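Just so you know, the sequences run in chain order H and G.
Take the position in the first sequence, starting the count at 1, then add 6; the result is the number in this note's numbering.
Take the position in the second sequence, starting the count at 1, then add 6; the result is the number in this note's numbering.
Yeah, the Cβ is synthetic: ideal placement off N, Cα and C, and Gly gets one too.
Bear in mind the structure is a predicted one, so any value in this text is a computation, not a measurement.
For reference, the structure is listed below as structure tokens.
2 protein chains.
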Amino acid sequence: MSVGMALDEIFPGGTFPANCPSRVVLDHVTSKWGVLVLVALERRTLRWGELRRAVEGISEKMLAQTLKTFEADGLVVREALPVIPPHVEYSLTPLGAELVTLLRPLLLWTLENAETMLGRPLNRP
Amino acid sequence: MSVGMALDEIFPGGTFPANCPSRVVLDHVTSKWGVLVLVALERRTLRWGELRRAVEGISEKMLAQTLKTFEADGLVVREALPVIPPHVEYSLTPLGAELVTLLRPLLLWTLENAETMLGRPLNRP
DNA sequence: CAGAATCCTATACGATACTG
DNA sequence: CAGTATCGTATAGGATTCTG
């Protein structure tokens with residue numbers, strides 16, 4: 007199965023089955039904060055606080071939940087340094103890095119087209 | 007702004023601002039049924055009923071809501087033939103087709119990796 | 001600093017019934 | 001056939017407080 011493959015080679019008739027496990031993974035990735043958290047980690051390892059500031063508006067609860075899901079999925083690794091005060095770093099696994107390769111263009115596309123699509127100006131830093 | 011561009015060239019400091027309009031677009035695309043509906047339309051125009059069957063498990067309410075959002079966003083066009091019984095076709099706009107170019111690889115990636123990530127077998131047709 | 005635990009609410013979503 | 005309207009619920013998500 008290659009990435010260039012047509013979808014109906016995989017799903018004959020072009021039907022996406024309801025009980026396909028990939029739905030779960032898709033739900034994780036497309037969860038409210040999923041894309042932003044993963045892409046935020048693309049450039050480098052980030053600490054909890056950095057990540058929280060990088061993804062503006064995310065609550066602590068959602069950051070924790072999103073990270074745990076991705077950790078369980080094998081997309082993100084958590085490394086806690088045994089120091090006081092605590093120092094915890096999050097980074098992408100190779101699998102996560104591979105996924106972000108697909109997510110960054112998507113994020114960039116929304117940036118390029120949001121203004122046109124919504125008919126109002128972009129808020130740029 | 008090109009697709010290959012690094013994100014911190016756009017968001018210096020690697021911070022994703024909370025009030026950026028692209029968040030809205032991202033929410034539409036990553037809505038529960040967004041990716042599946044858009045990718046289902048990649049190959050050809052589909053009628054309401056075909057679309058409903060293609061995306062297994064979607065309710066009529068959510069199909070309607072998802073399609074309306076995408077229509078307003080300029081990603082999908084609705085064409086109603088003035089016949090009885092009604093015959094309505096949905097297809098991608100050029101903008102929508104461009105977006106699906108980015109979404110199909112994402113969907114394929116989840117298909118390839120879901121089994122490994124979740125530790126259980128894929129349900130294939 | 002990096003969370004966990006609680007509580008609370010909006011709304012996303014589904015099921016059902018109805019219609020031109 | 002292609003929807004809309006209504007209702008009900010689950011749960012995603014936020015705000016706040018607490019802690020090692």
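Query, Result
"Let me see if you follow: with CB-CB separation under 8 Å, is G/L73 close to chain H or not?", "no"
"Can you find the residues in the same chain that come closer than 8 Å, C-beta to C-beta, to H/V106, ignoring five residues on each side of it along the sequence?", "L44, V45, L47, E48, L98"
"Closer than 8 Å, Cβ to Cβ, to anything on chain H: give me those residues from the region 50–78 of chain G, in chain order.", "R59, A60, V61, E62, G63"
"So with CB distances below 9 Å, who are the chain G contacts of H/A46?", "L13, G20, T21, F22"
"Go ahead and pull the three-state DSSP assignment for G/L32.", "helix"
"With distance defined between alpha-carbon atoms, name the residue in G/V82, G/L42, G/R84 nearest to G/L117.", "G/L42"
"Helix or strand or just coil, what does DSSP make of H/V89?", "coil"
"By Cβ distance below 7 Å, which residues in the same chain neighbour G/G125 in space, the five residues on each side in sequence not counted?", "none"
"What span of residues does the alpha helix (DSSP H) with H/T122 cover, start to end?", "100–124"
"Compile a chain-ordered list of the residues in the region 97–124 of chain H whose CB is closer than 8 Å to at least one CB of chain G.", "L101, E104, L105, L108, L109, R110, P111, L112, L113, L114, W115, T116, L117, E118, N119, A120, E121, T122, M123, L124"
"Report the rounded CA-to-CA distance for G/G20 versus G/L13, giving the unit in angstroms.", "7 Å"
"Against chain G, which members of the region 21–43 of chain H pass a CB distance test of less than 9 Å?", "T21, F22, P23, A24, N25, C26, P27, S28, R29, V30, V31, L32, D33, H34, V35, T36, S37, K38, G40, V41, L42"
"When you compare each of G/I90, G/A86, G/L113, G/V82 to G/R50 by their alpha carbons, which one comes out closest?", "G/V82"
"Return the bridge partner residues of G/E95 from the DSSP annotation.", "G/R53, G/E85"
"DSSP on G/F17, reduced to helix/strand/coil?", "coil"
"Looking at the secondary structure, which residues open and close the alpha helix (DSSP H) in which H/V43 lies?", "40–46"
"Thinking just about the alpha-carbon of each residue, which of G/V94, G/E95, G/L109 is nearest to the one in G/L101?", "G/L109"
"Pick from H/M123, H/A60, H/Y96, H/L113: whose alpha carbon is nearest that of G/T36?", "H/L113"
"For G/H93 and G/P27, I'd like the C-alpha separation in whole angstroms.", "35 Å"
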